[in-house]
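A.B. asks: Going by my numbering, the letters in the sequence shown line up with residues 3 to 84, in that order.
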Amino acid sequence: MKEVFAHFDGVDILINNVGGSSAPSGGALVLSDDDWQQAFNDNLFAAVRLDRAFLPKMLEQKSGVIIHISSIQRTLRFTRLH
């Protein structure tokens with residue numbers, strides 16, 4: 003953030019493009035708390051931190067747009083319960 007504002011007067015647009023998971027396969031029941039926390043850190047909190055860093059300047063300049071994009075390119079397997 004400091005480097006951006008050292009080179010530019012403001013920010014007109016911030017695009018957070020995240021998505022992914024390093025969690026093991028097997029669905030929600032095999033995920034540990036650490037797996038869930040890592041997914042939140044990677045996919046949500048990274049965007050939250052950027053928003054908090056750049057939003058004050060956007061509010062000060064009375065303009066700016068923040069866009070969040072999230073996708074996970076991964077095959078999910080579902081097991082049918084009998």
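All residues carry an ideal CB built from backbone N, CA and C; glycine is no exception.
1) Pick out the complete alpha helix (DSSP H) segments inside the region 42-66, 4 residues or longer, and give them in chain order.
2) Apply the 10 Å Cβ neighbour rule to Ala48 and answer buried if 16 or more other Cβ atoms are within range, or exposed otherwise.
3) Does the distance from the CB of Asp37 to the CB of Ala25 come in under 8 angstroms?
4) Do you know offhand how far Arg51's Cα is from Gly21's?
5) How many Å lie between Lys4 and Asn18 at the Cα?
6) Less than 8 angstroms between the beta carbons of Ser27 and Ala41, yes or no?
7) Expressed to the nearest angstrom, what Euclidean distance is found between the alpha-carbon atoms of Thr77 and Leu46?
8) Output needed for His70: all residues of its chain with C-beta closer than 7 angstroms, excluding positions within five of it in sequence on either side, in chain order.
C.D. replies: Let's see:
1) Scanning the region 42-66 for uninterrupted alpha helix (DSSP H) segments of 4 residues or longer gives 48-63, listed from N- to C-terminal end.
2) Looking at its Cβ environment, which holds fewer than 16 other Cβ atoms inside 10 Å, Ala48 is exposed.
3) The criterion of a C-beta distance shorter than 8 angstroms is satisfied by Asp37 and Ala25.
4) Approximately 16 angstroms, taken between the alpha carbons.
5) Those two C-alpha atoms are separated by around 18 angstroms.
6) No, these two residues do not count as a Cβ contact at 8 angstroms.
7) Caution is warranted here: a pLDDT of 48 is assigned to Thr77, below 50, making its placement in the model unreliable, and the coordinate value is therefore given only provisionally. If I take the Cα positions, the gap works out to 21 angstroms.
8) Cβ-Cβ distances below 7 angstroms link His70 to Asn18, Ala49 in the same chain, with the five nearest sequence neighbours on each side left out; the list follows chain order.
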